[in-house]
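If you read the sequences in order, they're chains H and C. The first sequence begins at 103 in my numbering and counts up one residue at a time. The second sequence begins at 103 in my numbering and counts up one residue at a time.
Number of protein chains: 2
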Amino acid sequence: MKRLLLGIALVLTPALAPAQSHPSVFLTKHDVALIRATGSKYPLFARSLASAKAHLDTALAHPIDVPPPGEAGGYEHERHMQNYRDMQLAGELYQITGDARYARFVRDMLEKYAVLYPTLGPSPYAKDQAPGKLFHQALNEANWLVGTAIAYDCVYDFLTFAERARYEKNIFRPMADWLSVTQAKEFDRIHNHGTWATAAVGMIGYVMHDTSYVNRALYGTKRDKTGGFLRQLDLLFSPDGYYMEGPYYVRYALLPFYQFAQAIENNQPSLRIYDYRGGILKKGLYAAMETTFPNGVFAPINDASRTMNVTSPEVVLALDLAYAHYGADPNLLGEAAIQDQVILTGAGLAVARDMAAHATPPKPAWHSVEFVDGPDGKDGGLGILRSGSGKDATMLLMKYGVHGQGHGHFDKLHFIFFDGGNAVVPDYGFARWINIEPKYGGRYLPENDSYAKQTIAHNTVTVDESSQSNGVYKVDEQKHAERHFFDASNASVQVMSANAPGFYDGVGMQRTMFLIRDARLRYPAVVDIYTLTSAAQHDYDYPIHFRGQLIATNVKYDAHTADQRALGTKAGYQHIWNEASGTADSSVQMTWLDGNRYYTITTAASAGAKVIFGRTGAGDPNFNLISEPMMIVRQHAGDQVFASVIEPHGFFSEPEERSAAATGDINSVRVLGTSADGEVIDVTGARGIHWTVMVNTGAASATARHVVSAGGKRYEWTGNYAVSGVQLK
Amino acid sequence: MKRLLLGIALVLTPALAPAQSHPSVFLTKHDVALIRATGSKYPLFARSLASAKAHLDTALAHPIDVPPPGEAGGYEHERHMQNYRDMQLAGELYQITGDARYARFVRDMLEKYAVLYPTLGPSPYAKDQAPGKLFHQALNEANWLVGTAIAYDCVYDFLTFAERARYEKNIFRPMADWLSVTQAKEFDRIHNHGTWATAAVGMIGYVMHDTSYVNRALYGTKRDKTGGFLRQLDLLFSPDGYYMEGPYYVRYALLPFYQFAQAIENNQPSLRIYDYRGGILKKGLYAAMETTFPNGVFAPINDASRTMNVTSPEVVLALDLAYAHYGADPNLLGEAAIQDQVILTGAGLAVARDMAAHATPPKPAWHSVEFVDGPDGKDGGLGILRSGSGKDATMLLMKYGVHGQGHGHFDKLHFIFFDGGNAVVPDYGFARWINIEPKYGGRYLPENDSYAKQTIAHNTVTVDESSQSNGVYKVDEQKHAERHFFDASNASVQVMSANAPGFYDGVGMQRTMFLIRDARLRYPAVVDIYTLTSAAQHDYDYPIHFRGQLIATNVKYDAHTADQRALGTKAGYQHIWNEASGTADSSVQMTWLDGNRYYTITTAASAGAKVIFGRTGAGDPNFNLISEPMMIVRQHAGDQVFASVIEPHGFFSEPEERSAAATGDINSVRVLGTSADGEVIDVTGARGIHWTVMVNTGAASATARHVVSAGGKRYEWTGNYAVSGVQLK
């Protein structure tokens with residue numbers, strides 16, 4: 103990304119507001135009064151409270167264990183993580199219920215940490231990370247301190263002066279110093295690790311009434327805003343609120359962003375942190391929600407889990423606080439219904455109160471949206487087209503922004519298609535068995551670099567079996583794709599288009615994707631036009647990754663039934679088994695089954711097209727990869743257009759033993775013609791379907807006139823695209 | 103199976119009871135009165151009724167379509183199937199609501215069939231089946247007639263004499279004749295097809311007051327009980343009620359058994375059909391329920407879907423009728439809660455009434471049980487050990503009965519292990535994409551014979567890469583395995599044991615499986631002792647099929663990362679990729695992840711043991727197989743004992759990013775010693791676990807004394823087994 107210097111004047115450090123009473127970093131006295139008065143009236147709040155109590159009942163029934171530090175993902179690691187969560191919850195419950203058992207639990211645990219912590223040096227279990235002392239990495243130490251600061255705040259008045267002094271001397275100050283002085287570089291880093299560290303140090307600073315920690319947290323170790331929380335807010339989000347590392351990591355960063363923001367709001371309201379940078383916190387939360395699949399899972403862009411979803415506690419916290427601060431929004435309430443839990447503060451109470459006012463909770467219905475990428479919004483973007491509402495909605499996502507720092511992938515112009523409750527054309531996500539110790543300590547696997555990050559692991563064209571920018575991070579990080587056009591104004595024909603120049607030497611790449619609703623098709627279909635231009639000849643591999651079972655194909659292929667080989671030797675190809683291969687001269691068609699629905703892709707093929715049916719799992723001596731199928735259409739060409747339609751159809755239920763419409767309705771996709779700045783694609787299908795899709799391949803313009811002659815016919819249109827023949831629903 | 107002649111005297115045909123009023127084959131006037139009076143009071147009934155009405159609202163809003171016959175699984179086929187279901191429901195709703203729209207719907211549809219049916223000859227779409235006329239096979243015609251008989255019965259009094267005469271002449275009599283005269287062989291067949299045919303013909307006989315159809319249905323085409331419904335009841339179930347073809351097919355057969363039984367009960371109560379053969383219908387239903395996994399899915403034994411479950415309409419019907427006739431049983435009520443629907447008769451009303459009396463529905467808690475197999479109960483059996491209740495219960499199933507007719511597999515001594523909500527050591531089930539037309543017409547695939555039925559597709563030892571009985575059906579059908587002993591009286595140490603002699607020339611096979619609950623292990627563990635005896639040397643392949651991801655193994659192996667070959671050329675081995683192979687001399691250990699839990703198998707290995715990590719998918723040119731992993735431990739030996747422990751442990755949640763105890767607690771499994779009639783196995787693990795497992799390998803006896811000397815120690819026990827060292831929970 104461009105390290106663009108933003109024109110925000112350096113603010114003078116404001117004085118802390120008069121010492122707040124406790125609690126004030128998360129819960130407030132006002133919250134507590136309101137919760138005691140009304141909490142039991144709202145089922146969602148009452149359930150969340152009951153569940154917290156039940157959890158703490160178990161914790162209180164067991165001996166407190168504060169073991170010596172251990173390795174990542176091991177028992178000791180997990181114990182310390184659980185300990186801070188338990189302390190935080192106990193602190194909150196102490197405030198809400200007044201039951202001293204909870205406060206004693208926090209105190210007794212802090213006593214043990216006050217003995218252990220002074221004995222610790224840097225963790226011997228650190229590998230490439232900035233080390234913590236309790237944990238192998240400083241990041242977990244920051245997690246611990248954020249939660250424990252809240253716990254400490256909640257029981258502050260319960261503790262004696264001597265106890266407080268002991269904990270601050272033995273735990274909190276050394277830990278805050280470790281994070282912000284010893285690990286200053288990590289602290290000032292513009293990265294979620296930095297966000298966690300600043301939140302931890304700032305929050306414990308508020309609780310201890312120590313402005314030096316707070317100011318370091320807000321403005322960086324140099325107090326000049328070259329690091330610190332505000333700088334994170336400036337640089338980690340695009341102007342739209344899109345988080346540079348993608349939705350999986352924003353989920354993780356939302357907690358320290360919102361948790362510290364709320365602490366700032368409570369203690370230094372004059373900073374107006376929720377309005378900072380035009381309400382970037384609001385935009386950040388909304389952008390995160392808008393990149394979720396209709397089932398609540400975060401689209402796994404870049405290094406990401408395929409299952410992380412809105413029910414994670416970080417998102418519950420951010421959503422409740424956003425709802426309370428930025429105003430009641432039915433879409434947020436709909437997501438809160440999926441979460442089915444709230445935080446135990448006034449914000450959670452507000453969500454539960456509004457939920458109780460609805461007989462049935464609103465269904466989230468996010469609209470199509472384009473995010474710009476990069477801190478100045480000029481580094482490409484991310485397009486999302488949607489149709490329908492609720493869990494059965496359709497979503498088409500195309501990625502054309504920045505690399506995304508260390509967790510980025512070589513995946514420009516990659517798309518994901520979600521339909522019928524599943525990511526049916528999926529992203530592989532990360533190659534990682536997170537926190538599973540025997541799997542490489544639960545860390546990123548070697549196959550994350552060798553496969554998951556590579557271009558062929560994505561639904562975008564690979565050139566000459568090499569990844570974009572030859573798979574070199576430092577090179578790719580300097581580049582970004584470019585927005586071309588985006589138009590979701592017509593619900594029947596939505597479109598997004600982008601370019602990715604310079605990712606392969608001498609090769610131009612443009613992709614235009616439509617989401618088309620035609621009355622003759624039961625579900626919206628995707629039209630995908632991928633255009634490559636090059637003076638030299640290349641092998642272009644157009645892949646489609648899928649899950650479930652291959653049902654049928656029109657490709658005549660040789661199946662490699664008795665022995666099979668890896669498809670290549672590098673750039674991810676060494677991880678793909680070549681299960682079968684064949685050739686095709688006209689349309690390539692394949693139908694697969696995923697969940698309760700069939701999907702058919704129909705791709706226009708030119709003479710000499712090769713088709714490969716592959717499966718991940720080669721070159722994987724440790725069984726680290728997930729076994730999944732893909733189809734690759736390979737063309738050797740200079741200029742090349744891959745035009746495809748992906749069509750959901752039919753129904754299958756194995757327990758009901760019912761199948762309907764296992765064969766799709768689209769019969770053919772053809773590239774009718776191209777000109778210097780335009781392309782015309784012809785799609786035909788059952789029930790008289792005949793679409794003509796015209797696309798501007800030159801500079802975006804709403805007014806330019808385009809003409810393409812093909813087969814003795816002239817196709818003319820104005821603007822970036824035109825689609826004829828779609829029957830309105 | 104043995105075609106044993108049962109000593110049941112031929113009963114004389116009793117006269118039909120005085121002509122019943124209508125309706126009387128399914129619903130009765132008494133039912134209708136009760137439903138009208140109380141149906142709305144019981145939420146489960148009210149919901150089922152509302153759902154039926156909503157379904158019919160849609161059907162009534164569309165034009166009736168009675169198309170010409172079509173191919174299996176095609177639109178026409180599905181339309182006719184849906185038509186009879188709609189007619190049946192409409193008939194029932196007419197009775198319950200009195201709304202004439204429903205009766206008119208049935209009449210209007212019958213009018214169309216009365217035009218179509220006389221024009222039809224044998225279906226041209228039949229392949230190897232006995233053909234129907236509306237459908238490719240007579241079986242579907244019988245399905246149709248069962249439902250339509252109920253519909254006709256319900257609207258009988260609504261119709262004019264002329265209408266009834268027309269339908270009987272044009273549809274019902276020709277169809278009943280087709281099923282029972284033209285297709286007499288299929289009708290008399292002791293098989294679920296025969297059950298359906300007799301139910302259809304008998305039920306329409308009752309509605310038409312034609313005793314000739316009824317008697318043919320009850321006693322077979324020769325009226326001598328060599329065929330017919332009663333003969334089906336005699337021969338298709340073991341004395342315990344275990345259905346010869348297994349749970350997947352009993353699910354399908356339960357409907358005609360119970361539906362016809364209820365029609366008989368209503369019309370010829372003197373037959374006391376529900377008490378027939380000691381209440382075999384009750385035993386059949388209970389046996390079916392007792393072979394379900396804790397998640398309600400029928401254990402997929404023989405040719406079977408892996409997803410068929412108790413919510414299927416056939417099981418709802420049978421369960422409701424059994425509940426009403428055989429008495430209120432909390433276990434049935436628990437299953438009814440999973441079903442969340444009831445039939446619209448007095449029986450469904452009874453279930454709904456009792457459900458309404460429970461604040462929370464009872465959880466099914468089936469106990470361990472052994473079924474004997476074969477009509478006389480002497481052809482081996484099926485053992486099921488269970489621990490816990492609800493969906494998280496543990497279930498271990500071993501199959502040691504008959505082949506199971508045409509849908510049987512070569513799978514004697516095969517086991518399935520269900521734990522943590524999943525079949526973690528699964529059965530492959532059938533190789534079939536049921537009703538998916540492009541997949542071989544939705545029929546059984548060639549890979550069903552070449553893989554799914556073969557021994558290596560199961561969790562039992564394969565000898566010399568050949569299936570049991572060399573994979574010859576007619577040979578295997580003559581054999582059966584033998585019960586050895588079964589004891590579930592001690593909840594901490596449950597055990598089942600069986601022999602399978604003669605399935606491989608000169609090789610004796612015995613398997614003893616324990617389900618052990620030890621206070622030091624969080625979940626019950628399996629101890630598996632598989633003993634092979636042979637004068638000659640063989641290759642013994644002990645396989646464990648699993649799903650999910652391989653996490654870790656102690657085996658030093660060569661991974662075939664750049665090319666891989668099929669493991670063999672026949673008996674299913676041609677369908678297994680050899681992903682990696684290695685050798686081991688002591689314990690073989692492998693951990694995998696399935697769902698939210700880890701599983702570790704530890705197997706005692708002898709010198710020269712070879713270990714193969716395989717995956718289904720080789721030899722599969724049409725992508726018909728599901729890709730799943732397995733591990734095979736191969737020993738070349740004459741006498742051989744495979745002793746293993748399978749241990750569930752830990753926890754993993756990817757969305758929560760939590761993992762605990764990814765490494766198991768069992769460290770070693772050793773065969774300490776063997777004698778002529780005994781074996782001693784030693785199991786050690788964490789927290790002082792040290793089990794000594796002693797097993798009688800000779801003739802079963804509760805009193806015989808056994809001695810095995812090993813390592814200078816004498817192990818003595820009385821009876822079939824002894825296990826020491828288990829710490830009680």
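Don't be surprised by glycine CBs; every beta carbon is placed ideally from N, CA and C.
Using C-beta distances below 6 Å, list every residue in its chain close to residue 686 of chain H, excluding the 5 sequence neighbours before and after it, in chain order.
657, 707, 711 and 713
Which class does residue 660 of chain H belong to by DSSP, given the choice of helix, strand or coil?
strand
How big is the Cα-Cα spacing for residue 559 of chain C and residue 301 of chain C?
36 Å
Who are the near neighbours of residue 103 of chain H in its chain, counting only those whose CB is closer than 7 Å to its CB and skipping five residues on each side?
Note that residue 103 of chain H scores 30 on pLDDT, short of 50, meaning its location in the model is unreliable and no value can be drawn from it.
Any Cβ of chain C within less than 9 Å of the Cβ of residue 645 of chain H?
no
Let me know the secondary structure DSSP gives residue 484 of chain C once reduced to three states.
strand
Take residue 590 of chain C as the anchor and find which of C/245, C/645 and C/598 has the nearest alpha-carbon.
C/598
Residue 827 of chain H in three-state terms, based on DSSP
coil
Buried or exposed: residue 818 of chain H, going by 16 or more other Cβ atoms within 10 Å of its Cβ?
exposed
Quick one: what does DSSP say residue 182 of chain H is sitting in, helix, strand or coil?
helix
Can you give me the C-alpha to C-alpha distance between residue 119 of chain C and residue 455 of chain C, rounded to a whole angstrom?
No answer about residue 119 of chain C holds up, because its pLDDT of 46 lies below 50 and its placement is not dependable.
Cβ of residue 407 of chain C less than 9 Å from any chain H Cβ?
yes
Using CA atoms only, rank isn't needed, just tell me which of C/527, C/466 and C/420 is closest to residue 439 of chain C.
C/466
Measure from the alpha carbon of residue 488 of chain C to the alpha carbon of each residue in C/651, C/494 and C/470, then state which is nearest.
C/470
Proximity of residue 782 of chain C and residue 812 of chain C at Cβ, strictly below 9 Å
yes
Out of curiosity, what's the CA-to-CA distance linking residue 423 of chain H and residue 696 of chain H?
37 Å
Any C-beta of chain H under 9 Å from that of residue 402 of chain C:
no
Please decide whether residue 355 of chain H counts as near chain C, where near means a Cβ-Cβ distance under 9 Å.
no
Quick check on the DSSP output: what are the complete beta strand (DSSP E) runs of length 3 or more inside the region 488-566 of chain H, in order along the chain?
496-502, 516-521 and 524-527
Secondary structure at residue 735 of chain H, three-state DSSP: helix, strand or coil?
strand
Distance check for residue 668 of chain C and residue 721 of chain H, CA to CA, integer angstroms please.
17 Å
Proximity test, Cβ basis, 9 Å: residue 156 of chain H and chain C:
no
Go through its chain and collect everything with a Cβ distance to residue 570 of chain C's Cβ below 7 Å, but skip five positions before and after it.
512, 514, 557, 578, 605 and 606
Taking the C-alpha atoms as reference points, what is the distance between residue 396 of chain C and residue 759 of chain H?
21 Å
Quick one: is residue 104 of chain H near chain C, going by C-beta distance under 9 Å?
Confidence at residue 104 of chain H is low in this model, with a pLDDT of 32, below 50, so the placement of that residue is unreliable and no value is reported for it.
What are the boundary residues of the alpha helix (DSSP H) that includes residue 134 of chain C?
131-140
Flag residue 297 of chain C as yes if its beta-carbon sits less than 9 Å from any beta-carbon of chain H, otherwise no.
no
Taking all protein chains shown into account, decide if residue 235 of chain H is buried (16 or more other Cβ within 10 angstroms of its Cβ) or exposed.
buried
Reference residue 171 of chain C; option with closest CA among C/602, C/681 and C/181
C/181
Is the shortest distance between the beta-carbon of residue 414 of chain C and the beta-carbons of chain H less than 9 Å?
yes
Three-state secondary structure assigned by DSSP to residue 127 of chain C
coil
Helix or strand or just coil, what does DSSP make of residue 589 of chain H?
strand
Selection of the region 169-195 of chain H by Cβ proximity to chain C, strictly under 7 Å
175 and 180
Over the uninterrupted beta strand (DSSP E) stretch that includes residue 742 of chain C, give me the two end residues.
742-751
Chain-ordered chain C contacts of residue 759 of chain H [CB-CB under 7 Å]
536 and 537
Could you round the C-beta distance between residue 705 of chain H and residue 746 of chain H to whole angstroms and report it? I think they count as a contact, below 8 Å.
4 Å
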